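K.L.:
Protein chains in written order, with UniProt numbering: chain S, 1 to 191; chain Y, 1 to 191; chain B, 1 to 191; chain Z, 1 to 191.
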DNA sequence: GCCTAATCGAGACGGTACGTCGAGTCTTATT
DNA sequence: AATAAGACTCGACGTACCGTCTCGATTAGGC
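See the structure below:
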C-alpha cells in the first residue's frame, strides 16, 4: 500500500460528489465525507490541502464537459442554438459548485487557475466546426474567430446565471442566438 | 438612548468596511467586527440577520455606483467606451465583495435580489442617453433597446472578471466596444 | 451571564466525576465530558487548561478527605488503627485518579503542587489528637511529632498501593500498626 | 534473516532509551522510535504489544538495579544509610519512567507484575547481609526480618518521591535512618 | 431632577467544523 | 521470512466562529 491507494481516492471523490449534490458545498463537512467514504480525515488531508482543493479536483475529474457535440442541424442558427443550449446545461450543472467555491478562489489564485482551465477548454471546439461549415455553405461571407464567438456565448450564460439564476428557458436561448450571436457573427464575417 | 443609536451603526459599518478590505469576506469574523467597532455582537445581530446581510448593507450604502456619467464625447463609440470603462471600474471595485458573498447568495434568494438591485440599477441610465443621442445624430439608423445593450456590456465585464480577473486594460475595452457593442448596436438599429 | 456560570461548572465537574469512575482517566475524553454535561468543549477549555487541570480540580473539590476523625477508642493502638484504616480508604478512593494523572504531573509541576497540597492537609490533624491523648494517659512517655508519624503511615499505604494494589485487608492494618507505627511512636517518645 | 533479527531489537531498545530520557514517556511516540531506529513500526509491534510493554522491557533490561552493594561500613547505621542512599539513587533514576507508565499499569495488571518484579528483587539482598552482620556483632539483640525493613525503606523513598520529588538530600537519608529504620530495627530485634 | 425603559458593552453559552496528531494495523517491495 | 517504508482507520485533541443569551452600566425622555 506504499503509494497512495487509488481505491481510497475513488471512494473519497465519490463521497464528495454525492454530498455535494445532496447538501451543497457549504454544508458539506470533511467529517461527513470521511464517514461516507469510510476513510479517515487524515487520508483526505494527506492528498488535498482542504475542502476547496478536493472539490476542485472533483470538478476537474467528474464534471468535465462532455463536449456539447455541435450536432449538424444544417443551418448556422440551428448549430449555434444547439451549442448554446449545451452551454446552458453545462453551466447549470456546475454553477452551484463553482459559486460555492468562488469566495475561496479569491484567496487561492492557483486553485482558481486550475479551475478556469477546466471551465472552457473543450467546449471551444464545439463552436468552430459549425462556423466553418457555415462558411463552406456560403452562409457566412468570410471566416470568423470561433473563440471570440464562444466567449460571448459563455458571457451571456454566466451573466444570466449570476443575475437571474436558472432555469434557462428556450426564450433565453432564442433571444441570445437571434439577438446577439447571429447578428455578431454576421457582422464579423463581413468586416 | 431609546432608539437604535445611529453612531453605533456607523461604527459597525466602518469596521466592516475596513476588515473587508484588510482580510476579505471569508476571513472576516463577526467577533472581529464587534471588537473593532467597540460594539457587542448582540448589537450587530439586533440590526442585521448575519454576516451576509451586513455586507450587503455595506455594499449598498458605500459601494453604490457613482453613475458612470455617460459623458458626451460626440460619437457613439466614444460614449459607449466611456460607459464601458465606468462599468469595468465599478465591477473591479466591488467584485471581491460580490464574489465573497456569492456562495451565500445561493441559499438566500432575497438577499440576492437586494444585491442585484444595487448592481445595475443606476448604470442602466448611463447607456440610454448615448444611444438616444446617436439616433438623433443619425449615427444609428433606428431606435435600440439600451437595456439589452447594457446587459451585453455587463456580461462581457463579468465574464472577464470570472475567467481572467482584473485588471481590465484598454485593449479589453477597445475589443469589447469595437468588436461587440458597436457591431451589435448597428445590427440592431437596422433590423 | 457575564461571569462564569457556576451551574455549568457543577455540571462539568459532575460529569467528569462520573466518567472518571466509569471509564477511568485515560479513556475519558473531553468530548464525552462535554456531551454528558450538555456543555460545549469551549466552555470547558475556557475554565481549565486541559484534562489534567480539570481532573485535579475535581479531586480537590470532591475528593477531599473528610477527616478520618480519630475516634477515641481509649487506647493509642486503637486510635492509630482507626486513623490508618481511614487513610487506606482515602487512598484507595483516590488512587486511580492520582495514578492516572501521575504521568501528566511530571510535566506540570505547578499542577503537581496543587494536587499535593490536597493530598495530606487535613488528615494530619487526625493523628495529633490520639497522640496527645496517649501522652495525657501516660501511655506514651513523652511528646511525639504527630506529623512524622502520619508521614510514615502515609508512606506505608502508598507503598502498598503501588506495589500490591488494593484491597487493604485488616492484616495489613494490623501489621502496619503493630509492626511499625506502635514500635516507632514508643521509641520516639522515650528518646 | 529468517529469525527475528537481534540487531533490530537492540536498535529499537536503544532508540527508546534515548527518547525516554530526551522527551519523556508521554511525549515519545512509536513513530519517533521507529524513525530513530531506522525500523518500521511493524517490526516494533511484531515484538511488543505496545508502548508500555516496550518501555517495561527497556526498564527491565537496561535499568536494572546494579545492586546497591551493601558495603560493609562496620556499623549497622552506616550500612543501612549506604543501602538507603543506593535506593534513593535507583528510584530517582527510574522514577520518571515508572510514573510515566503508572497510569497504563492500572489497566495492565500483568505488565504491572512484571515491572514490580524488577523493582525490588535484587535490592532486597542488599539489606539482609548488613542485618545479619549486626546480629553477629551483637549490635542487634535478635534476628530481624530484613524484607520488612527493606519495605519500610522503600516506602519512605517512594513517599518522598511522590509528595516532594527529587532530589533526596543527605538530611532525608539521616532522618530516615536515624528516625525510622534504626528505631524500628532495634525495636524488632528486642521484641 | 428623578424614574422607567430601551440600548448598550461585554462576554459566556451550546454547537459545528476545523486541521493535526498518535496508536495500532496492513500492504508492498526489498533483501 | 523478516524487513523498511509508509498508507490506512480510528478517535481525541485544542481552536475558531457562529448565533443566542444574560448580565450590569448608561442614557433617554416622560413625569
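Beta carbons: idealized from backbone N, C-alpha and C, even for Gly.
Quick caveat: nothing in here was measured; it's all calculated off a predicted structure.
1) Is residue 45 (chain S) near the ligand GDP, in the sense that its beta carbon is under 7 Å from a heavy atom of that ligand?
2) Going by CA-CA distance only, name the one from Z:172, Z:154, Z:174, Z:136 that's closest to residue 189 (chain Z).
3) Quick check on DSSP: helix, strand or coil for residue 139 (chain B)?
4) Given a cut-off of 8 Å, decide if residue 140 (chain S) and residue 184 (chain Y) are closer than it, judged by their beta-carbon atoms.
5) For a contact defined as C-beta to C-beta under 7 Å, what are the partners of residue 154 (chain Z) on chain B?
6) Determine whether the beta carbon atoms of residue 124 (chain S) and residue 150 (chain S) lie at a separation below 8 Å.
7) Provide the residue span of the alpha helix (DSSP H) that contains residue 28 (chain Y), from first to last.
8) Between which two residues does the alpha helix (DSSP H) holding residue 109 (chain S) run?
9) Using only the alpha-carbon positions, how far apart do residue 126 (chain S) and residue 86 (chain S) sit?
10) Any beta carbon of chain B sitting closer than 8 Å to that of residue 58 (chain Z)?
11) Suppose you measure from the CA of residue 174 (chain B) to the CA of residue 81 (chain B); what does that come to, to the nearest Å?
12) Looking at chain B, which residues of the stretch 2 to 31 of chain Z have a Cβ within less than 9 Å of any of its Cβ atoms?
13) If you count every other CB in all the chains shown that lies within 10 Å of the CB of residue 88 (chain Z), and 16 or more means buried, which is it?
14) Compare the C-beta of residue 180 (chain Y) with all C-beta atoms of chain S and state if any pair is closer than 8 Å.
15) Starting from residue 48 (chain Y), trace the alpha helix (DSSP H) both ways and give me its first and last residue.
16) For a contact defined as C-beta to C-beta under 7 Å, what are the partners of residue 99 (chain Z) on chain B?
17) Write down the C-beta distance between residue 28 (chain Z) and residue 62 (chain Z) rounded to the nearest angstrom, noting that I regard them as a contact closer than 8 Å.
18) Under the three-state reduction of DSSP, which class applies to residue 38 (chain Z): helix, strand or coil?
19) Mapping the DSSP letters down to three states, classify residue 165 (chain Z) as helix, strand or coil.
20) When you compare the CB of residue 33 (chain Z) with every CB in chain B, is at least one pair closer than 8 Å?
21) Suppose the cutoff is 7 Å on Cβ atoms and the five residues either side in sequence are ignored; what does the same chain contact list for residue 52 (chain S) look like?
22) Between residue 96 (chain Y) and chain S, is any beta-carbon pair separated by less than 8 Å?
23) Our contact map puts residue 36 (chain B) next to residue 4 (chain B) with C-beta atoms below 8 Å; I'd like the distance itself, whole angstroms only.
24) Can you give me the start and stop residues for the alpha helix (DSSP H) that residue 172 (chain Z) sits inside?
25) In the DSSP assignment, find the unbroken alpha helix (DSSP H) run with residue 104 (chain B) in it and report its ends.
26) Would a C-beta distance cut-off of 8 Å place residue 119 (chain S) and residue 168 (chain Y) closer than the cut-off?
27) So with CB distances below 8 Å, who are the chain S contacts of residue 151 (chain Y)?
28) Among B:39, B:97, B:76, which residue has its Cα nearest to the Cα of residue 60 (chain B)?
29) At which residues does the alpha helix (DSSP H) containing residue 183 (chain B) begin and terminate?
30) Spatial neighbours of residue 182 (chain S) within its chain, please: CB distance less than 8 Å, with the 5 preceding and 5 following residues excluded, ordered by chain position.
31) With a threshold of 16 other CB atoms inside 10 Å of the CB of residue 138 (chain B), please say whether the residue is buried or exposed.
32) Can you give me the C-alpha to C-alpha distance between residue 55 (chain B) and residue 15 (chain S), rounded to a whole angstrom?
33) Run down chain Y in chain order and give the residues with a C-beta less than 7 Å from the C-beta of residue 116 (chain S).
34) Would you tell me roughly how many angstroms separate the C-alpha atoms of residue 116 (chain B) and residue 159 (chain Z), rounded to the nearest one?
35) Please say whether residue 42 (chain Y) and residue 12 (chain Y) have beta carbons closer to each other than 8 Å?
P.N.:
In brief:
1) With respect to the ligand GDP, the structure shown offers nothing to examine, as it has no ligands at all.
2) As a working note, residue 189 (chain Z) is residue 189 in the fourth chain. Here the closest residue by C-alpha is Z:136.
3) The sequence position of residue 139 (chain B) within the third chain is 139, counting from 1. DSSP places residue 139 (chain B) in coil when its eight states are reduced to three.
4) Counted from its first residue, the second chain places residue 184 (chain Y) at position 184. Counted from its first residue, the first chain places residue 140 (chain S) at position 140. For residue 184 (chain Y) and residue 140 (chain S), no; Cβs fall outside 8 Å.
5) Mapped onto the fourth chain, residue 154 (chain Z) falls at position 154. The answer, in chain order, is 159.
6) Indexing the first chain from 1 puts residue 124 (chain S) at position 124. Indexing the first chain from 1 puts residue 150 (chain S) at position 150. Their beta carbons are under 8 Å apart, which means residue 124 (chain S) touches residue 150 (chain S) by this criterion.
7) Taking the first residue of the second chain as position 1, residue 28 (chain Y) is located at position 28. Careful: residue 28 (chain Y) lies outside any alpha helix (DSSP H) and carries neither H nor E.
8) One-based indexing of the first chain puts residue 109 (chain S) at position 109. Element bounds for residue 109 (chain S): 109 to 117.
9) By one-based count along the first chain, residue 126 (chain S) stands at place 126. By one-based count along the first chain, residue 86 (chain S) stands at place 86. If you take the alpha carbons of residue 126 (chain S) and residue 86 (chain S), they lie about 10 Å apart.
10) Counting from 1 along the fourth chain, the entry for residue 58 (chain Z) is found at position 58. Not an interface residue.
11) To locate residue 174 (chain B), count along the third chain from 1; it is residue 174. To locate residue 81 (chain B), count along the third chain from 1; it is residue 81. Roughly 7 Å between the two C-alpha positions.
12) Of all residues in the stretch 2 to 31 of chain Z, those with a C-beta nearer than 9 Å to a C-beta of chain B are 24, 25, 26, 27, reading in chain order.
13) Residue mapping note: residue 88 (chain Z) aligns to position 88 of the fourth chain, counting from 1. It counts as buried.
14) Position 180 of the second chain, counting from 1, holds the residue named residue 180 (chain Y). Closer than 8 Å: yes.
15) Locating residue 48 (chain Y) in the second chain gives position 48, counting from the first residue. Taken as a continuous stretch (DSSP letters only), residue 48 (chain Y) belongs to no alpha helix (DSSP H), as it is neither H nor E.
16) Taking the fourth chain and counting its residues from 1, one reaches residue 99 (chain Z) at position 99. The contacting residues are 102, 103, 106.
17) Working through the fourth chain from its first residue, we reach residue 28 (chain Z) at position 28. Working through the fourth chain from its first residue, we reach residue 62 (chain Z) at position 62. Residue 28 (chain Z) to residue 62 (chain Z), Cβ: 15 Å. No contact.
18) Indexing the fourth chain from 1 puts residue 38 (chain Z) at position 38. Here residue 38 (chain Z) sits in coil by DSSP.
19) Walking along the fourth chain from the start, residue 165 (chain Z) turns up at place 165. In this structure, residue 165 (chain Z) counts as coil in the three-state DSSP scheme.
20) Position 33 of the fourth chain, counted from the start, is the residue given in the question as residue 33 (chain Z). Closer than 8 Å: no.
21) Numbered from its first residue, the first chain carries residue 52 (chain S) at position 52. So the qualifying residues of the chain are 101, 104, 108, 111.
22) Within the second chain, residue 96 (chain Y) is the residue found at index 96, counting from 1. Yes - at least one Cβ of chain S is within 8 Å of the one on residue 96 (chain Y).
23) Working through the third chain from its first residue, we reach residue 36 (chain B) at position 36. Working through the third chain from its first residue, we reach residue 4 (chain B) at position 4. Their Cβ separation, rounded to whole angstroms, is 19 Å, which puts residue 36 (chain B) and residue 4 (chain B) out of contact at 8 Å.
24) As a working note, residue 172 (chain Z) is residue 172 in the fourth chain. Here the alpha helix (DSSP H) through residue 172 (chain Z) covers 170 to 176.
25) In the third chain, residue 104 (chain B) corresponds to position 104, counting from 1. Residue range 76 to 106 is occupied by the alpha helix (DSSP H) that includes residue 104 (chain B).
26) In the first chain, counting from the first residue as 1, residue 119 (chain S) sits at position 119. In the second chain, counting from the first residue as 1, residue 168 (chain Y) sits at position 168. Cβ distance not < 8 Å, so residue 119 (chain S) and residue 168 (chain Y) don't count as in contact.
27) Along the second chain, read from residue 1 onward, the residue named residue 151 (chain Y) stands at position 151. Within chain S, the residues near residue 151 (chain Y) are 159.
28) Taking the first residue of the third chain as 1, we reach residue 60 (chain B) at position 60. Checked all of B:39, B:97, B:76; the closest Cα to residue 60 (chain B) is B:97.
29) Here residue 183 (chain B) refers to the residue found at position 183 when the third chain is read from its first residue. Looking at the DSSP string, the run of the alpha helix (DSSP H) that includes residue 183 (chain B) is 182 to 189.
30) What you label residue 182 (chain S) is simply residue 182 of the first chain in a count that begins at 1. Excluding positions up to five away in sequence, the list reads 76, 77, 80.
31) Taking the first residue of the third chain as position 1, residue 138 (chain B) is located at position 138. Sixteen is the threshold: since fewer than 16 other Cβ atoms of the shown chains lie within 10 Å of the Cβ of residue 138 (chain B), the residue is exposed.
32) For this step, residue 55 (chain B) is matched to residue 55 along the third chain. For this step, residue 15 (chain S) is matched to residue 15 along the first chain. Straight across, the Cα-Cα distance linking residue 55 (chain B) with residue 15 (chain S) is about 40 Å.
33) Counting from one through the first chain, the residue named residue 116 (chain S) turns up at place 116. Correct list: 163.
34) The residue labelled residue 116 (chain B) in the question sits at position 116 within the third chain. The residue labelled residue 159 (chain Z) in the question sits at position 159 within the fourth chain. Each residue's alpha carbon lies about 12 Å from the other.
35) If you number the second chain from 1, residue 12 (chain Y) lands on position 12. If you number the second chain from 1, residue 42 (chain Y) lands on position 42. Result no, Cβ atoms of residue 12 (chain Y) and residue 42 (chain Y) do not sit closer than 8 Å.
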